[in-house]
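Numbering (our numbering), first residue to last: 508 to 1156.
The next block holds one structure in the form of structure tokens; read it before the comments.
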């Protein structure tokens, strides 16, 4: 009995109020409505620790997070908590879990699909190969994203509706392409897992877990949430999230799911967490002002933790984006030189556009400040040369990779050689051959398919390239695969160089690229200043947060005109950005820009300023941030105020 008492005290230690009620709950369903910095992760860990200490097999606990980084961070914190068996908990993203399920032979047989996910740039070849009746590339991308979000974009319209019929035709064409190329989309992983789980209710995967935890529930789409229910078929289910932090509408996230969770799961115990342990009072005031402006309930507003510091909130104005970039670099230099409590890794710079991040990074480099930039997949693989090297790596590892071969054939053409490839595919399907086998016959003059000569030439160059790489390992392979004299390859080479040792093979590098480089995530901890777009900051925090480019057209970004739903989501995006700050929050905007910048950045014009310069409108959200930031300072004055104490000392 004494042992049981010690076990209970372990997970209960220091808990009180809502956190204690959540950790101690015996309800099958628990919903945690948690504002930013309110101790959501801490509370979930204590509930997990309780199940571990009560004897639950750790391998029967699933913690599904939105990012790999968050999963690793949670497991590390559990280990630090001293929870026995925490290293055996299944802490992963939902996509990774579904991929592992679909990769098993028995599941492959039931789905009839091959778990070879396409990289985003490879998806463009799929879309270009589809019929013209689905519109231009942008229209096809939108149809693809809607398909992946739920496969029922027009379900409410019903069969027979013209748009419904087009949607079905798109889905059929998509499926035909993927099956022919033995591939799948990353976004298909969860829908395919749903098909498998729902059609096999007695399968081991639906009985695998006793306790299921889901973080950032508001960021899941409807199919994601349905899969969670199937995984928790025989388990308790604890979900945590905040619809006020829903920022992934473009991925068809379904924040209504967390709002409706008690109705969909009768008997749910719902607990709010509103006391913000992270942000100082001034930042809490800014956050609440933004949320109230969107019509959020006062009951969901954050409360500063008793004894919280006041903190700092600043609004800084510049004449142009270039002046902003130079000024922000100087401000960061001042913070580091003045002996502020933060290290470089405690400074986070966020922007609505990648190009603004690039400018600040360049200016920081000129000032000798180390920075770490987090890019999206399409930004890492944006050049044809880089894409070619990834495809070479894939085809070296598997010469029969049909998707990679299709992409290689068209990578140097603006049309992707879609017409020629359509003829090749028709011939393959007619003769029951794969593209490689057909091209081998064409190259040996054993077959003749009119109109595909450009593809045969590209295939011949592929064989030459593969011969040069075959058998190489380590640095010899890296130098041959990513030549140092090609500037376009430098970003990719820099990412991989430190990983290479004498035994490193093409398979090792491909695994790293497909699992980490292709799905980049912001590091929780860094020794350098971190720069990233606003969406990448989810889950992070820092002593000082600097949000730049607060200009109408950038945030809110309104490519299709006035849309209240999008405006509300963009406001939530700024809310998430602001609540990353543990002490200092700096908002930055500019008053004018060159015609070129206005066009490229899609900033909202406010009139002509002369000499090729246009005035721009500052973000409407700056009028909603409340008294904590009621006054602004011109950038140079702000810098002088920082430098003056140093000069006096």
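Ideal Cβ placement from N, Cα and C applies to all residues, glycine included.
As the structure is a computational prediction, the values presented were derived from the model and not from experiment.
Worksheet entry | Neighbourhood of residue 907 by C-beta distance below 8 angstroms, restricted to the same chain and skipping five residues each side | The residue labelled residue 907 in the question sits at position 400 within the chain shown. For residue 907, where only same-chain residues beyond five positions count, the Cβ hits under 8 angstroms are 941 and 943.
Discussion item. By the DSSP assignment, the alpha helix (DSSP H) with residue 760 in it spans what residues?
Written reply: Position 253 of the chain shown, counted from the first residue, corresponds to residue 760. Unbroken run through residue 760: none, as it is neither H nor E.
Discussion item. Quick check on this structure: which residue in 574, 580, 558 and 535 has the alpha carbon closest to the alpha carbon of residue 548?
Written reply: Along the chain shown, one-based indexing puts residue 548 at 41. Answer by Cα proximity: 580.
Worksheet item: Any idea if residue 1006 is buried or exposed, counting beta-carbon neighbours within 10 angstroms, 16 or more meaning buried?
Response: One-based indexing of the chain shown puts residue 1006 at position 499. With fewer than 16 other Cβ atoms within 10 Å, it is exposed.
Practice prompt. May I ask which residues mark the beginning and end of the beta strand (DSSP E) holding residue 835?
Written response: Counted from its first residue, the chain shown places residue 835 at position 328. Premise fails: residue 835 lies in the alpha helix (DSSP H), 828-844, not in any beta strand (DSSP E).
Practice prompt. Quick one: using the 10 Å Cβ neighbour count with 16 as the cut-off for buried, is residue 1034 buried or exposed?
Written response: Here residue 1034 is taken as the residue at index 527 of the chain shown, counted from 1. Label assigned to residue 1034: exposed.
Discussion item. Rounded to whole angstroms, what is the Cα-Cα separation between residue 920 and residue 950?
Written reply: Here residue 920 refers to the residue found at position 413 when the chain shown is read from its first residue. Here residue 950 refers to the residue found at position 443 when the chain shown is read from its first residue. Using only the alpha carbons, I get a separation of about 20 angstroms.
Worksheet item: Do you know how far the Cα of residue 1073 is from the Cα of residue 1097?
Response: Within the chain shown, numbered from 1, the residue matching residue 1097 stands at position 590. Within the chain shown, numbered from 1, the residue matching residue 1073 stands at position 566. Cα to Cα, residue 1097 sits roughly 23 angstroms from residue 1073.
Worksheet item: Between which two residues does the beta strand (DSSP E) harbouring residue 621 extend?
Response: Translated into the one-based positions of the chain shown, residue 621 becomes position 114. Where residue 621 is concerned, there is no enclosing beta strand (DSSP E), given that its DSSP letter is neither H nor E.
Discussion item. My assumption, with CB atoms under 8 angstroms, is that residue 573 sits in contact with residue 689. Please give the rounded CB distance.
Written reply: Within the chain shown, the letter at position 66 stands for residue 573. Within the chain shown, the letter at position 182 stands for residue 689. Their Cβ separation, rounded to whole angstroms, is 29 angstroms, which puts residue 573 and residue 689 out of contact at 8 angstroms.
Discussion item. For residue 839 and residue 558, I'd like the C-alpha separation in whole angstroms.
Written reply: For this step, residue 839 is matched to residue 332 along the chain shown. For this step, residue 558 is matched to residue 51 along the chain shown. One C-alpha to the other measures close to 45 angstroms.
Discussion item. In chain order, what are the residue ranges of uninterrupted beta strand (DSSP E) at least 3 long that sit wholly in the region 1036-1071?
Written reply: 1036-1040 and 1049-1054
Discussion item. Quick check on residue 612: buried or exposed, where buried means 16 or more other Cβ atoms within 10 Å of its Cβ?
Written reply: As a working mapping, residue 612 is identified with position 105 in the chain shown. It is exposed - the Cβ of residue 612 has fewer than 16 other Cβ atoms within 10 Å.
Worksheet item: Over what stretch of residues does the alpha helix (DSSP H) that includes residue 556 continue unbroken?
Response: As a first step, residue 556 is located in the chain shown; it is residue number 49 there, counting from the start. Segment 547-560, the alpha helix (DSSP H) holding residue 556.
Worksheet item: Closest to residue 982 by CA distance: which of 630, 865, 991 and 1008 is it?
Response: Numbered from 1 along the chain shown, position 475 holds the residue referred to as residue 982. Nearest option by C-alpha distance: 1008.
Practice prompt. Return yes when the Cβ of residue 630 is within less than 8 angstroms of the Cβ of residue 692, no when it is not.
Written response: Walking along the chain shown from the start, residue 692 turns up at place 185. Walking along the chain shown from the start, residue 630 turns up at place 123. Yes, the Cβ-Cβ distance between residue 692 and residue 630 is below 8 angstroms.
Discussion item. So for residue 858, helix, strand or coil by DSSP?
Written reply: Counted from its first residue, the chain shown places residue 858 at position 351. Of the three classes helix, strand and coil, the one that applies to residue 858 here is strand, per DSSP.
Worksheet entry | Cβ-based burial, residue 1039 [other Cβ within 10 Å; buried from 16] | As a working mapping, residue 1039 is identified with position 532 in the chain shown. Its Cβ being crowded by 16 or more others within 10 Å, residue 1039 is buried.
Fill in: Nearest-angstrom Cβ-Cβ length linking residue 893 and residue 1002, presumed shorter than 8 angstroms
Within the chain shown, the letter at position 386 stands for residue 893. Within the chain shown, the letter at position 495 stands for residue 1002. That pair is no contact at about 11 angstroms.
Discussion item. For residue 734, list the residues DSSP reports as bridge partners.
Written reply: As a first step, residue 734 must be located in the chain shown, where it is residue number 227. For residue 734, which the question treats as bridged, DSSP gives no partner whatsoever.
Discussion item. Counting C-beta neighbours from all protein chains within 10 Å, is the total for residue 905 16 or more, i.e. buried, or is it exposed?
Written reply: As a first step, residue 905 must be located in the chain shown, where it is residue number 398. It counts as exposed.
Discussion item. On a Cα-Cα basis, can you pick out the residue from 912, 681, 835 and 837 that is closest to residue 970?
Written reply: As a first step, residue 970 is located in the chain shown; it is residue number 463 there, counting from the start. Selected option, being the one with the closest Cα: 912.
Fill in: As assigned by DSSP and simplified to three states, the class of residue 608
In the chain shown, residue 608 corresponds to position 101, counting from 1. Note: residue 608 maps to helix in three-state DSSP.
Discussion item. Strictly by DSSP, which residues pair up with residue 778?
Written reply: Position 271 of the chain shown, counted from the first residue, corresponds to residue 778. Residue 778 pairs with 539.
Worksheet entry | Reduced DSSP secondary structure (H/G/I, E/B, other) of residue 710 | Position 203 of the chain shown, counted from the first residue, corresponds to residue 710. Three-state DSSP puts residue 710 in coil, outside helix and strand.
Discussion item. For residue 815 and residue 787, which I take to be in contact (beta-carbon distance under 8 angstroms), what is that distance rounded to the nearest angstrom?
Written reply: Taking the chain shown and counting its residues from 1, one reaches residue 815 at position 308. Taking the chain shown and counting its residues from 1, one reaches residue 787 at position 280. Indeed they touch by this definition, with Cβ atoms about 6 angstroms apart.
Practice prompt. Output yes or no for whether 8 angstroms exceeds the beta carbon distance between residue 601 and residue 697.
Written response: Taking the chain shown and counting its residues from 1, the one referred to as residue 601 is at position 94. Taking the chain shown and counting its residues from 1, the one referred to as residue 697 is at position 190. Yes, these two residues count as a Cβ contact at 8 angstroms.
Worksheet entry | Residue from 801, 876, 792 and 758 with nearest C-alpha to residue 751 | For the purposes of this step, residue 751 is taken as residue 244 along the chain shown, with counting starting at 1. Among 801, 876, 792 and 758, the Cα nearest to that of residue 751 belongs to 801.
Worksheet entry | Buried or exposed by the 16-neighbour rule on C-beta atoms within 10 Å, applied to residue 606 | Along the chain shown, one-based indexing puts residue 606 at 99. So residue 606 ends up on the buried side.
Worksheet item: Do the region 1120-1129 and the region 1091-1107 make contact, defined as three or more Cβ pairs closer than 8 angstroms?
Response: yes
Worksheet item: Once you ignore the five residues that flank residue 927 on each side, which residues in its own chain have a CB closer than 7 angstroms to its CB?
Response: Position 420 of the chain shown holds residue 927. Here the set comprises 958, 959, 961 and 962.
Item to complete: Have a look at residue 869 and residue 1055 and give me their C-alpha separation to the nearest angstrom.
Response: The count along the chain shown starts at 1 and reaches residue 869 at position 362. The count along the chain shown starts at 1 and reaches residue 1055 at position 548. One C-alpha to the other measures close to 15 angstroms.
Worksheet entry | Local Cβ density within 10 Å of residue 938, reported as buried at 16 or more and exposed below that | Taking the first residue of the chain shown as position 1, residue 938 is located at position 431. Per the 10 Å Cβ criterion, exposed.
Worksheet entry | Buried or exposed (CB count within 10 angstroms, at least 16 for buried), residue 1167 | Look at the range of the chain in this structure, 508 to 1156, and you will see that residue 1167 is not part of it.
Worksheet item: If we ignore side chains and look at the alpha-carbon of each, how far apart do residue 803 and residue 1083 end up?
Response: On the chain shown, residue 803 is found 296 positions in, with the first residue counted as 1. On the chain shown, residue 1083 is found 576 positions in, with the first residue counted as 1. Near 15 angstroms, if we compare the C-alpha coordinates of residue 1083 and residue 803.
Fill in: Nearest-angstrom Cβ-Cβ length linking residue 774 and residue 534, presumed shorter than 8 angstroms
Locating residue 774 in the chain shown gives position 267, counting from the first residue. Locating residue 534 in the chain shown gives position 27, counting from the first residue. The Cβ separation is near 6 angstroms, so the contact holds.
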